[in-house]
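Engineer: Residue numbers (numbering that gives the first Met the number 0): 0 to 410.
In this text, a Cβ means the ideal position worked out from N, Cα and C, and glycines have one as well.
Structure below; questions to follow.
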Amino acid sequence: MNAIPDRRALQLPLDRFDMSDPALYQTQSHFAFFDRLRREDPVHWCAESRFGPYWSVTRYKDIMAAEVNHQVFSSELGGIQVLDQPKDMQRPSFIRMDPPKHDEQRKVVQPIVAPGNLANMEPLIRERTRMVLDGLPRNEEFDWVERVSIELTTLMLATLFDFPIEERRKLTYWSDIAIADVTDPDSPVRSEEERFAELRVMAETMGRLFAERRQRPPGFDLLSMLAHGAATRDMPLREFMGNLALLIVGGNDTTRNSMSGGLYALHQNPAEWDKLRADPGLIPNMVSEIIRWVTPVIHMRRTASRDFEFGGKRIREGDKVCLWYVSGNRDPEAIEEPDRFLIDRPRARQHLSFGFGVHRCVGNRLAELQLRILWEEVLARFPRIEVLDAPKRIYSNFIHGIRSLPVRIPG
0 MNAIPDRRAL
10 QLPLDRFDMS
20 DPALYQTQSH
30 FAFFDRLRRE
40 DPVHWCAESR
50 FGPYWSVTRY
60 KDIMAAEVNH
70 QVFSSELGGI
80 QVLDQPKDMQ
90 RPSFIRMDPP
100 KHDEQRKVVQ
110 PIVAPGNLAN
120 MEPLIRERTR
130 MVLDGLPRNE
140 EFDWVERVSI
150 ELTTLMLATL
160 FDFPIEERRK
170 LTYWSDIAIA
180 DVTDPDSPVR
190 SEEERFAELR
200 VMAETMGRLF
210 AERRQRPPGF
220 DLLSMLAHGA
230 ATRDMPLREF
240 MGNLALLIVG
250 GNDTTRNSMS
260 GGLYALHQNP
270 AEWDKLRADP
280 GLIPNMVSEI
290 IRWVTPVIHM
300 RRTASRDFEF
310 GGKRIREGDK
320 VCLWYVSGNR
330 DPEAIEEPDR
340 FLIDRPRARQ
350 HLSFGFGVHR
360 CVGNRLAELQ
370 LRILWEEVLA
380 RFPRIEVLDA
390 PKRIYSNFIH
400 GIRSLPVRIP
410 G
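This is the structure in structure tokens:
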């Protein structure tokens with residue numbers, strides 16, 4: 000299905016709105032649809048879609064209310080995407096669990112992003128950022144996504160897993176496999192069976208490292224933490240696959256797409272570039288505004304554990320409920336002038352991009368740290384970065400991803 004032009008958001012009957020169409024996000028045609036849903040039908044029922052029927056929750060306050068009510072809005076009953084994993088290929092992970100099991104597994108990996116460890120990692124992140132930026136060409140077109148966003152996040156992932164640095168692009172590949180829409184002509188896999196087979200290769204590769212870490216004293220990397228954690232050391236294969244994919248995607252997509260989307264946002268808003276050059280102290284606040292603006296995770300899905308009255312609608316047990324972060328982050332009732340990119344926005348961290356409640360992104364501070372260092376080092380080197388064309392975006396209703404962004408650095 001092709002994305003419906005923006006003008007039709009005002010003409011189309013609400014019962015024909017299907018916000019699960021990935022083309023809406025690839026073509027950036029979704030904004031007007033969500034504007035209308037927030038105004039006219041903020042808890043909206045879509046009876047027919049490629050993914051089956053589902054509810055859309057589009058206002059900031061309603062998304063927050065659902066996020067903190069995990070007793071009703073379950074992650075475990077159906078997972079976190081509007082797309083259902085085939086029953087014989089399901090891959091549980093702690094983000095697809097409810098408390099208490101969610102809490103037990105999450106605690107195993109949480110120390111890697113504790114404040115003290117982030118402080119320890121900052122010099123390495125800065126050293127690698129300088130290395131990558133210093134290696135960029137001048138007066139020559141190149142792809143910012145490939146040379147900067149992917150390279151920096153993949154180096155970080157290799158460190159977090161203590162994965163062989165020379166094989167680090169496998170991590171990028173597995174992340175792309177995990178989130179790909181298999182109907183996309185550019186997808187690296189074309190069926191759920193192919194996806195499962197490739198993720199099994201991931202689990203076997205990481206499983207060998209996992210087994211080695213079990214034989215050693217506990218280390219401070221994710222595989223060692225999983226191997227020694229009481230809640231994770233004896234995971235079945237599919238749960239191991241699920242948690243690996245979660246940690247790889249979580250450590251990759253938010254940061255990678257914010258690195259790309261942030262540069263494009265500054266290109267589209269040159270007055271904000273001027274503000275940034277005049278006051279580099281705005282970088283931490285700008286990082287939060289970038290993450291809101293980009294909204295790297297488009298939605299999170301929950302499943303109703305029982306009949307429940309919500310937003311004036313009767314949600315039935317078993318119904319899919321999509322929390323559209325990409326809409327909540329543009330809700331004018333919660334965020335003043337939400338359609339403006341403002342690097343000095345007050346309370347910029349009060350966005351939905353990291354989720355809320357028990358499932359709030361475990362690595363949010365690491366993502367902010369990587370982005371802060373990137374922009375500190377960019378400002379120290381480049382008066383300008385020219386964006387040469389609009390980004391090429393991925394076909395997805397889950398990850399707001401940028402596949403390529405052509406740029407040139409005058410020099």
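Please name the residue in S19, A347, H266 and D102 whose C-alpha comes closest to that of Y394.
Structural biologist: Start at 1 with the first residue of the sequence shown, and residue 394 comes out as number 395. Ranking the options by Cα distance to Y394, first place goes to S19.
Engineer: Which residue comes first and which comes last in the beta strand (DSSP E) that contains M63?
Structural biologist: Reading the sequence shown from its first residue, position 64 is the one you call residue 63. That residue, M63, is in no beta strand (DSSP E); its alpha helix (DSSP H) goes Y59 to V67.
Engineer: If you draw a straight line from the alpha carbon of P41 to that of V56, how long is it in whole angstroms?
Structural biologist: Counting from one through the sequence shown, the residue named residue 41 turns up at place 42. Counting from one through the sequence shown, the residue named residue 56 turns up at place 57. When rounded, the distance between both Cα atoms is 6 Å.
Engineer: Kindly list the residues whose CB is nearer than 7 Å to the CB of I411, restricted to its own chain and excluding five residues on each side of it in sequence; keep chain order.
Structural biologist: A query on residue 411 cannot be resolved here, the shown segment of the chain reaching from 0 to 410 and no further.
Engineer: With a threshold of 16 other CB atoms inside 10 Å of the CB of Q10, please say whether the residue is buried or exposed.
Structural biologist: If you number the sequence shown from 1, residue 10 lands on position 11. That one is exposed.
Engineer: Contact check, A230 vs V325 under 8 Å by CB: the rounded distance?
Structural biologist: Along the sequence shown, read from residue 1 onward, the residue named residue 230 stands at position 231. Along the sequence shown, read from residue 1 onward, the residue named residue 325 stands at position 326. Not quite, the Cβ-Cβ distance comes to about 32 Å (not below 8 Å), so this is no contact.
Engineer: Quick check: what's the CA-CA separation for A270 versus A379?
Structural biologist: Here residue 270 refers to the residue found at position 271 of the sequence shown. Here residue 379 refers to the residue found at position 380 of the sequence shown. Cα-Cα distance, rounded: 19 Å.
Engineer: Less than 8 Å separating the beta-carbons of D413 and R58?
Structural biologist: Given that the chain is displayed from residue 0 to residue 410, the structure contains no residue 413 and the question cannot be resolved.
Engineer: What did DSSP end up calling L13 once you bin it into helix, strand or coil?
Structural biologist: As a first step, residue 13 must be located in the sequence shown, where it is residue number 14. If DSSP states are grouped into helix, strand and coil, L13 belongs with the helices.
Engineer: Taking contact to mean 3 or more Cβ pairs, one atom from each stretch, closer than 8 Å, check whether the segment 151-171 and the segment 245-261 are in contact.
Structural biologist: Counting Cβ pairs under 8 Å, three or more are found: they touch.
Engineer: Curious, which full-length alpha helix (DSSP H) runs of at least 4 residues does the segment 118-177 contain?
Structural biologist: The qualifying runs are 150-160.
Engineer: With DSSP as the reference, label V248 as helix, strand or coil.
Structural biologist: By 1-based counting over the sequence shown, the position of residue 248 is 249. Residue state, collapsed to three classes: helix.
Engineer: Run through DSSP, which three-state label would Y53 get?
Structural biologist: Here residue 53 refers to the residue found at position 54 when the sequence shown is read from its first residue. In the structure shown, Y53 sits in a strand (DSSP, three-state: E or B).
Engineer: Quick one: any contact between the segment 352-369 and the segment 283-303, if contact means 3 or more CB pairs under 8 Å?
Structural biologist: The segment 352-369 vs the segment 283-303: in contact.
Engineer: Which residue wins for smallest C-alpha separation from D161, given the options R207, V144 and D185?
Structural biologist: Translated into positions along the sequence shown, residue 161 becomes position 162. If we check each option's Cα against that of D161, R207 comes out closest.
Engineer: What residues match up with W272 in a beta bridge as DSSP calls it?
Structural biologist: Locating residue 272 in the sequence shown gives position 273, counting from the first residue. Partner(s): none; W272 has no beta bridge.
Engineer: With K100 as the anchor, note down where its beta strand (DSSP E) starts and where it stops.
Structural biologist: Looking up residue 100 in the sequence shown gives position 101. Where K100 is concerned, there is no enclosing beta strand (DSSP E), although the alpha helix (DSSP H) it sits in stretches over K100 to V108.
Engineer: Could you give the distance in angstroms between the alpha-carbon of L132 and the alpha-carbon of I408?
Structural biologist: The count along the sequence shown starts at 1 and reaches residue 132 at position 133. The count along the sequence shown starts at 1 and reaches residue 408 at position 409. Approximately 11 Å between the Cα atoms of the pair.
Engineer: If we ignore side chains and look at the alpha-carbon of each, how far apart do N119 and G218 end up?
Structural biologist: Within the sequence shown, residue 119 is the residue found at index 120, counting from 1. Within the sequence shown, residue 218 is the residue found at index 219, counting from 1. If you take the alpha carbons of N119 and G218, they lie about 15 Å apart.
Engineer: To the nearest angstrom, how far is the alpha carbon of G362 from that of I247?
Structural biologist: Within the sequence shown, numbered from 1, the residue matching residue 362 stands at position 363. Within the sequence shown, numbered from 1, the residue matching residue 247 stands at position 248. The straight-line gap from Cα to Cα measures roughly 11 Å.
Engineer: Leaving out the 5 sequence neighbours to the left and right, which residues in its chain are closer than 6 Å to P390 when beta-carbon positions are compared?
Structural biologist: Numbered from its first residue, the sequence shown carries residue 390 at position 391. Result list for P390: Y263, I401 and L404, in chain order.
Engineer: For Q369, does the count of other Cβ atoms within 10 angstroms reach 16, so buried, or fall short, so exposed?
Structural biologist: On the sequence shown, residue 369 is found 370 positions in, with the first residue counted as 1. When all chains shown are included, Q369 counts as buried.
Engineer: Put E375 into one of helix, strand or coil per three-state DSSP.
Structural biologist: Along the sequence shown, one-based indexing puts residue 375 at 376. Reduced to three states, the DSSP call for E375 is helix.
Engineer: Let me check one thing: in DSSP terms, what residues is K312 bridge-paired to?
Structural biologist: Residue numbering aside, residue 312 sits at position 313 when the sequence shown is read from its first letter. DSSP, once it has assigned bridges, lists F309 as partnering K312.
Engineer: Please go through the same chain and pick out, in chain order, the residues whose beta-carbon is closer than 6 Å to the beta-carbon of P279, but skip the five residues on each side of it.
Structural biologist: Taking the sequence shown and counting its residues from 1, one reaches residue 279 at position 280. Once the five neighbours on either side are set aside, the close Cβ partners of P279 are L378.
Engineer: Which ranges would you report for the beta strand (DSSP E) in the segment 323-361 if only whole runs of at least 3 residues count?
Structural biologist: Runs of the beta strand (DSSP E) inside the segment 323-361: none found.
Engineer: If you drop the 5 nearest sequence neighbours on each side, which residues of the same chain put their C-beta closer than 6 Å to that of R348?
Structural biologist: Numbered from 1 along the sequence shown, position 349 holds the residue referred to as residue 348. Around R348: S287.
Engineer: What is the rounded straight-line gap between the Cα of D233 and the Cα of N242?
Structural biologist: One-based indexing of the sequence shown puts residue 233 at position 234. One-based indexing of the sequence shown puts residue 242 at position 243. Whole-angstrom Cα-Cα distance: 13 Å.
Engineer: So A226 is in the alpha helix (DSSP H); what residue range does that whole segment cover?
Structural biologist: In the sequence shown, counting from the first residue as 1, residue 226 sits at position 227. It spans L221 to H227 - the alpha helix (DSSP H) in which A226 sits, taken as one unbroken run.
Engineer: When DSSP labels each residue in this structure, what does F397 get in the three-state scheme?
Structural biologist: Within the sequence shown, residue 397 is the residue found at index 398, counting from 1. Note: F397 maps to coil in three-state DSSP.
Engineer: In three-state DSSP terms, what is M299?
Structural biologist: In the sequence shown, counting from the first residue as 1, residue 299 sits at position 300. M299: strand per DSSP, three-state reduction.
Engineer: Indicate whether L117 and L365 have their beta-carbon atoms separated by less than 8 Å.
Structural biologist: Working through the sequence shown from its first residue, we reach residue 117 at position 118. Working through the sequence shown from its first residue, we reach residue 365 at position 366. Yes, the Cβ-Cβ distance between L117 and L365 is below 8 Å.
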